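Numbering (the working numbering), first residue to last: 4 to 397. Structure record follows, encoded as structure tokens.
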Ligand code: F3S
């Protein structure tokens with residue numbers, strides 16, 4: 004690989020042992036993927052932040068590291084809220100370890116944003132090179148915002164945070180961002196009434212078929228929350244890090260892209276609306292969990308509207324970034340008047356909150372995919388309205 008003076012100095016240990024090791028990780032990755040050089044990244048998002056997912060081995064490794072991030076770097080959701088975790092029944096020994104994980108990342112200069120939606124609070128521009136690692140966030144910044152990142156692992160993202168560099172390969176290169184599989188819906192008119200949950204259901208099916216290929220959807224008109232839901236589910240049921248929706252996502256308007264769409268061969272798959280509908284279950288839940296990925300302003304508004312003058316009759320959790328919660332105290336107060344809890348910093352999958360929770364109703368295709376394996380819970384998929392009705396025992 005071609006190395007500049009700074010790359011070489013990092014590898015020589017001139018910036019300390021940790022940064023030397025980090026650069027060695029990135030160099031190994033670059034060689035595997037035959038990258039010709041390193042590029043600078045504008046920001047980093049680091050996963051592997053919950054003690055539930057990294058365990059003692061991950062915590063010990065973090066504690067061997069030193070130095071500071073050199074580019075804006077954001078932390079993924081951790082295993083519990085930073086404050087008031089005691090009220091949620093988080094076990095003390097888990098909380099103690101989680102606080103140690105938080106301290107280790109803070110010492111390394113990773114901002115404790117504790118969200119998978121840092122794109123709501125930071126400017127991400129089309130063409131920006133990033134090193135992000137949480138799969139739904141990777142999908143959103145690549146597909147919806149037109150930035151460029153590979154789906155990094157926790158250690159490689161941390162390496163980019165501490166060095167500001169990433170190997171130039173994969174989705175950083177424009178020619179690698181062209182669709183490889185195309186999806187049609189058998190009844191496009193039916194998609195006009197689809198909600199975020201329907202897009203999550205589509206994502207479950209399309210992600211499993213796509214694997215790590217780049218999907219291209221035609222005939223859909225999703226808004227940003229629907230795109231978030233679609234991408235998150237495809238990243239969970241498959242390994243989709245980038246997708247395109249014709250005339251909706253930014254890169255589909257480029258002449259280069261249009262030329263490839265017209266000229267390239269790719270597999271074409273038709274999905275039936277009935278396959279989507281079959282994923283929706285009954286309303287008989289033990290718990291309702293929303294906010295996977297963390298809720299947007301619009302989702303918070305909709306929830307405040309739906310929960311006004313209602314009372315929940317079962318545990319009802321809404322996962323959000325602390326920054327979103329702080330920005331909308333009135334909406335949050337309306338929601339919490341119903342008895343629903345807005346839980347910041349963590350999520351239904353990476354916290355112990357949903358472990359063996361029974362039947363968990365959600366509007367998220369990603370959570371629906373992960374809840375059985377990660378939490379030993381039975382998932383039910385419903386629209387936001389269904390989830391509110393179920394949670395209120397209606
Ligand atoms: Fe975010 Fe947790 Fe879902 S990290 S995408 S809320 S599994």
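From the three backbone atoms N, C-alpha and C, an ideal C-beta is built for every residue, glycine too. Source: prediction; values computed, not measured.
Worksheet item: If we call anything under 8 Å between Cβ atoms a contact, is residue 206 one with residue 233?
Response: As a position in the chain shown, residue 206 is number 203, starting the count at 1. As a position in the chain shown, residue 233 is number 230, starting the count at 1. Cβ atoms of residue 206 and residue 233: closer than 8 Å.
Practice prompt. Using three-state DSSP, classify residue 381 as helix, strand or coil.
Written response: Here residue 381 is taken as the residue at index 378 of the chain shown, counted from 1. Residue 381: strand per DSSP, three-state reduction.
Discussion item. Which residue marks the beginning of the beta strand (DSSP E) containing residue 218, and which one marks its end?
Written reply: By 1-based counting over the chain shown, the position of residue 218 is 215. Residue 218 -> beta strand (DSSP E) spans 218 to 220.
Fill in: Ordered list of alpha helix (DSSP H) runs contained in the segment 37 to 75, each at least 4 residues
54 to 65
Worksheet item: Would the segment 48 to 55 and the segment 346 to 358 be scored as touching if the rule is three or more Cβ pairs under 8 Å?
Response: yes
Worksheet entry | Span separating the alpha-carbon of residue 228 from that of residue 203 | Counted from its first residue, the chain shown places residue 228 at position 225. Counted from its first residue, the chain shown places residue 203 at position 200. Pairing residue 228 with residue 203, the inter-Cα distance amounts to about 10 Å.
Fill in: C-beta contact flag for residue 114 and residue 146 at 8 Å
Position 111 of the chain shown, counting from 1, holds the residue named residue 114. Position 143 of the chain shown, counting from 1, holds the residue named residue 146. Against a cut-off of 8 Å, the Cβ pair of residue 146 and residue 114 comes out as no contact.
Worksheet item: Within 10 angstroms of its Cβ, does residue 167 collect 16 or more other Cβ (buried), or is it exposed?
Response: Within the chain shown, numbered from 1, the residue matching residue 167 stands at position 164. Its Cβ being crowded by 16 or more others within 10 Å, residue 167 is buried.
Worksheet item: Taking the continuous beta strand (DSSP E) assigned at residue 172, which residues delimit it?
Response: By one-based count along the chain shown, residue 172 stands at place 169. Run containing residue 172: none; DSSP gives neither H nor E here.
Discussion item. If contacts are defined as beta-carbon pairs under 8 Å, then residue 171 and residue 35 qualify, I think. What distance do you get, rounded to the angstrom?
Written reply: In the chain shown, the residue the question calls residue 171 occupies position 168. In the chain shown, the residue the question calls residue 35 occupies position 32. Not a contact, Cβ separation roughly 13 Å.
Discussion item. Distance check for residue 88 and residue 98, CA to CA, integer angstroms please.
Written reply: The sequence position of residue 98 within the chain shown is 95, counting from 1. The sequence position of residue 88 within the chain shown is 85, counting from 1. Looking at the two C-alpha atoms, the distance is approximately 8 Å.
Fill in: Residue burial classification, residue 288 (beta-carbon count within 10 angstroms, cutoff 16)
Taking the chain shown and counting its residues from 1, the one referred to as residue 288 is at position 285. Burial call: buried.
Fill in: Residue environment, residue 398, which counts as buried when at least 16 other CB atoms sit within 10 Å
One cannot answer for residue 398 here, as it falls past the ends of the chain, which runs 4 to 397.
Item to complete: Quick one: grab the DSSP three-state call for residue 257.
Response: If you number the chain shown from 1, residue 257 lands on position 254. Coil, per DSSP.
Worksheet item: Does the beta-carbon distance from residue 387 to residue 198 come in below 8 Å?
Response: One-based indexing of the chain shown puts residue 387 at position 384. One-based indexing of the chain shown puts residue 198 at position 195. The answer is yes: Cβ separation under 8 Å.
Item to complete: Assuming residue 350 and residue 390 form a contact by the criterion Cβ under 8 Å, report the distance between their Cβ atoms to the nearest whole angstrom.
Response: Here residue 350 refers to the residue found at position 347 when the chain shown is read from its first residue. Here residue 390 refers to the residue found at position 387 when the chain shown is read from its first residue. Rounded, the Cβ-Cβ distance is 16 Å, inconsistent with contact.
Worksheet entry | Residue list, Cβ distance to the ligand F3S heavy atoms smaller than 7 Å | 79, 80, 119, 137, 139, 235, 294, 295, 296, 297, 322, 350, 351, 352, 353, 367, 369, 370, 373
Worksheet item: Who does residue 364 pair with in a DSSP beta bridge?
Response: Here the question's residue 364 lines up with position 361 in the chain shown. 291, 383, per the DSSP bridge assignment.
Worksheet item: What separation, rounded to the nearest whole angstrom, lies between the Cα atoms of residue 61 and residue 307?
Response: The residue given as residue 61 occupies position 58 in the chain shown. The residue given as residue 307 occupies position 304 in the chain shown. One C-alpha to the other measures close to 38 Å.
Discussion item. Judging by CA-CA distance, which residue of 263, 291, 345 is the nearest neighbour of residue 303?
Written reply: Against the chain shown, residue 303 aligns to sequence position 300. It is 345.
Worksheet item: How would you label residue 121, buried or exposed, when you count the other beta carbons within 10 angstroms and need 16 or more for buried?
Response: Along the chain shown, one-based indexing puts residue 121 at 118. Burial call: buried.
Worksheet item: Given 8 Å as the limit, is there contact between the segment 121 to 131 and the segment 275 to 291, that is, 3 or more CB pairs closer than that?
Response: With the cut-off at 8 Å, the segment 121 to 131 and the segment 275 to 291 do not touch.
Worksheet item: Helix or strand or just coil, what does DSSP make of residue 148?
Response: Here residue 148 is taken as the residue at index 145 of the chain shown, counted from 1. Collapsing the DSSP output to three states places residue 148 in coil.
Practice prompt. Find the nearest neighbour of residue 255 within the set 132, 219, 342, 230, judged by alpha-carbon distance.
Written response: Position 252 of the chain shown holds residue 255. Ranking the options by Cα distance to residue 255, first place goes to 219.
Worksheet item: What are the residues that DSSP puts in a beta bridge with residue 114?
Response: Translated into the one-based positions of the chain shown, residue 114 becomes position 111. DSSP output for residue 114 lists 77 as bridge partner(s).
Worksheet item: Over what stretch of residues does the alpha helix (DSSP H) that includes residue 276 continue unbroken?
Response: Working through the chain shown from its first residue, we reach residue 276 at position 273. Its alpha helix (DSSP H) spans residues 276 to 280.
Worksheet item: From 230, 180, 321, pick the residue whose C-alpha is nearest to that of residue 264; which is it?
Response: As a working note, residue 264 is residue 261 in the chain shown. For the residues 230, 180, 321, the minimum Cα distance to residue 264 belongs to 180.
Discussion item. According to DSSP, residue 272 sits in a beta bridge with which residue or residues?
Written reply: Stepping through the chain shown from its first residue, residue 272 is reached at position 269. Residue pairing from DSSP places residue 272 in a beta bridge opposite 186.
Worksheet item: Can you name, in chain order, every residue of its own chain whose Cβ lies under 6 Å from the Cβ of residue 33, other than the five neighbours on each side?
Response: Position 30 of the chain shown holds residue 33. Correct list, in chain order: 4, 170.
Item to complete: Using the Cα positions of residue 257 and residue 318, report the straight-line distance between them to the nearest angstrom.
Response: Locating residue 257 in the chain shown gives position 254, counting from the first residue. Locating residue 318 in the chain shown gives position 315, counting from the first residue. Going from the Cα of residue 257 to the Cα of residue 318 covers about 47 Å.
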